[in-house]
Amino acid sequence: LVGTDFSNYFTEPDRAREGYSYVFREGFVRDYPLELRHRAGGVRSVLYNASTYRDEDGQVVGVFAAARDITQRKKAEEERNNLQLQLAQAQKMETIGRLAGGIAHDFNNLLTVINGYAAVALGGTQQDTSQARNLTEIMNAGKRAAELVRQLLAFSRRQVLQPEVLNLNATVSGMESMLRRLVGENIEIVVRPDPAIAPVLADRHQIEQVIMNLAVNARDAMPHGGTLTLESGERHLEGICSTCREQIQPGAYVELTVRDTGTGMGQDTLEHLFEPFFTTKGVGKGTGLGLSTVQGIVNQSGGHLCVESEVGVGSAFRVCLPVARQTGLQPAAPEVSGDVQGGSESILLVEDQDDVRAFVATVLERYGYRVVAMGDTENALSACAAQPVDLLITDVVMPKMSGVELARRARLIRPGLRALFISGYSHDTHEREWESMGDAQFLQKPFAPGALAAKVREALNGR
32 LVGTDFSNYF TEPDRAREGY SYVFREGFVR DYPLELRHRA GGVRSVLYNA STYRDEDGQV
92 VGVFAAARDI TQRKKAEEER NNLQLQLAQA QKMETIGRLA GGIAHDFNNL LTVINGYAAV
152 ALGGTQQDTS QARNLTEIMN AGKRAAELVR QLLAFSRRQV LQPEVLNLNA TVSGMESMLR
212 RLVGENIEIV VRPDPAIAPV LADRHQIEQV IMNLAVNARD AMPHGGTLTL ESGERHLEGI
272 CSTCREQIQP GAYVELTVRD TGTGMGQDTL EHLFEPFFTT KGVGKGTGLG LSTVQGIVNQ
332 SGGHLCVESE VGVGSAFRVC LPVARQTGLQ PAAPEVSGDV QGGSESILLV EDQDDVRAFV
392 ATVLERYGYR VVAMGDTENA LSACAAQPVD LLITDVVMPK MSGVELARRA RLIRPGLRAL
452 FISGYSHDTH EREWESMGDA QFLQKPFAPG ALAAKVREAL NGR
């Protein structure tokens, strides 16, 4: 060591020399932070304390110096800061999610009325007329609005899922032709499936939505062409994601990586990437819901989503879904098409929104049912006791009493009473409440008249 420049043992030699000069100028330095290269390799964080000592004439003849190793303390502080940032981000996203879910719920009530009455009017209008075309445009706009609401519900984790056992390789393979048309000829698609991956339990349509949204995001990041890679594999996560350091449920996961060679993103963009309505695209070129929808679907499926990105290099989105513990589930049955059977049974309808209640009652009466419509749960219970009821149709979220509690009390009055819940939220939002309801049915708003009639018939038939 004799004769060598001491500053070269630090990761920042200039800063080390600056501290040394400070000691000679001021006579001491206290808790001066530096990073020291360790002879065994690696770097140690230290705090230096030093002071000069002088001879009888006051001349500086040496320096006393000591370094305190704070590597572990600094690491612990960094981990604590990361956890605090993650907590703040999670709380922010939860708040935004609650707001988005509440907005979606209210809009679903409005769309139930708008889309529903448009369908009723169209059904009574002669086709190939200007009125029929106008009503069709209203319905098409309503469907687009409903899709935006579904994306908000996906972000807030309040959408309806129909999980089935999936092989992600097969899902990607089935979408490959569509993805090639979607991204264009100037982007090469490379698919690298791991043939040994386990199945996952997820909603096939929602996972397809995830893949499509990520592909669109990659396409927009490569306006001059590039390569889009979809790669599958398995990994075991220990509770903290090695990429983003977020806490996750430990276990076996199937990972689907969607990687592009596009423009990449800086830290400022990454911090807001999954917020709804956040977009880097121009006005009118995006809703800002694509990636927030992806995150909502993945989270509601019990998975984890993280992203790595470098400006000028590209981005990689990693979708991790837990390995399926159940392998005997079958895909959800397709919706029955064709004419829907009506009936003459007595239905008790409970809905606190006047316009929604009026629409549902109108549809049910057109299908031949006898309807008693109530906007208050207490009056509904009185009506249930006063006259025969074959089916209870109730909104879930209402003042005074939830629809689930109403159904429980109604069954005390009329044991075996069948129930159909309608809600602007999803089945999963109230799943725990419904575990005791057995054969109760669910229909998410907004719904078409035919869908309502079909679900009513299904509930009455006990299917």
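Under this note's numbering, think of the first position of the sequence shown as 32, with each following residue one higher.
Every residue, glycine too, gets a C-beta built ideally from N, C-alpha and C.
The structure presented is a predicted model; accordingly, all values stated were derived computationally and were not measured.
Option in the options with minimal Cα separation from residue i
i      : options                        : result
VAL354 : THR393, VAL231, ALA47, THR42   : VAL231
ASN330 : VAL54, ARG349, LEU379, ALA176  : ARG349
ARG356 : LEU395, GLY282, ALA441         : GLY282
GLN372 : ALA482, SER76, GLY434, LEU474  : ALA482
ASN217 : THR300, ASN146, ASP291, ARG397 : ASP291
GLY455 : GLN162, PHE305, VAL144         : VAL144
Classification of residue i by the beta-carbon crowding that lies within 10 angstroms, buried from 16 upward
i      : result
GLY297 : exposed
THR160 : exposed
ALA364 : A caution first: ALA364 carries a pLDDT of 41, below 50, which makes its placement in the model unreliable, though a value can still be read off. So ALA364 counts as exposed.
VAL60  : buried
LEU336 : buried
GLN326 : buried
GLN472 : buried
VAL344 : exposed
ASN200 : buried
ARG266 : exposed
GLY205 : exposed
ARG70  : exposed
ARG188 : Confidence at ARG188 is low in this model, with a pLDDT of 49, below 50, so the placement of that residue should be treated as unreliable; the coordinate-derived value is given next. With 16 or more Cβ atoms within 10 Å of its Cβ, ARG188 is classed as buried.
PHE37  : exposed
GLU195 : buried
ASP385 : exposed
VAL285 : buried
GLN90  : exposed
GLY215 : exposed
THR324 : buried
CB contact flag (residue i, residue j, <8 Å)
i      : j      : result
THR408 : PHE452 : no
LEU78  : TYR40  : no
ALA438 : LEU422 : no
ASN248 : PRO477 : no
LEU142 : GLY173 : yes
ALA490 : ARG449 : yes
ASP62  : ASN80  : yes
ALA233 : SER332 : yes
SER375 : TYR400 : yes
Per-residue DSSP class, three states only, for residue i
i      : result
ASP62  : strand
CYS351 : strand
ALA404 : strand
ASN410 : helix
ASP299 : helix
ALA490 : helix
ASP386 : helix
GLY215 : coil
ASP100 : strand
For residue j and residue i, believed in contact at Cβ under 8 Å, the rounded distance
i      : j      : result
ALA416 : ILE444 : 5 Å
VAL241 : PRO224 : Contact flag wrong, Cβ pair sits at about 16 Å.
ALA479 : ASN171 : ALA479 to ASN171, Cβ: 13 Å. No contact.
LEU395 : VAL402 : 5 Å
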